[in-house]
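In our numbering, the protein residues as written are 17 to 85.
Step one of this worksheet: look at the structure below.
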């Protein structure tokens, strides 16, 4: 994962998105997308997870959206 970085191994887990983190734009960031999924192969973290941690996702969304574009 990296800011403005193209993923090297996300495969289908990227959801058609291009960058791990896009400053100021959580909805187009792979990290935010994967944290909001419960689909095997997409969900992040991948192991032992069947629910979305809403507080954690909000924290990451707010952090990404607070970054200058």
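Quick reminder that beta carbons are idealized off the backbone N, C-alpha and C, glycines included.
It should be emphasised that the depicted structure is a prediction, and the values quoted were computed from it without experimental measurement.
{"Asked": "Verify whether the separation of the beta carbon atoms of residue 39 and residue 30 is less than 8 Å.", "Found": "no"}
{"Asked": "DSSP state of residue 76, grouped into three classes?", "Found": "helix"}
{"Asked": "Is residue 49 closer than 8 Å to residue 75 when the C-beta atoms are compared?", "Found": "no"}
{"Asked": "Would you decide whether residue 68 is buried or exposed? Buried here means 16 or more other CB atoms lie within 10 Å of its CB.", "Found": "exposed"}
{"Asked": "Per DSSP, what kind of secondary structure is residue 53 in: helix, strand or coil?", "Found": "coil"}
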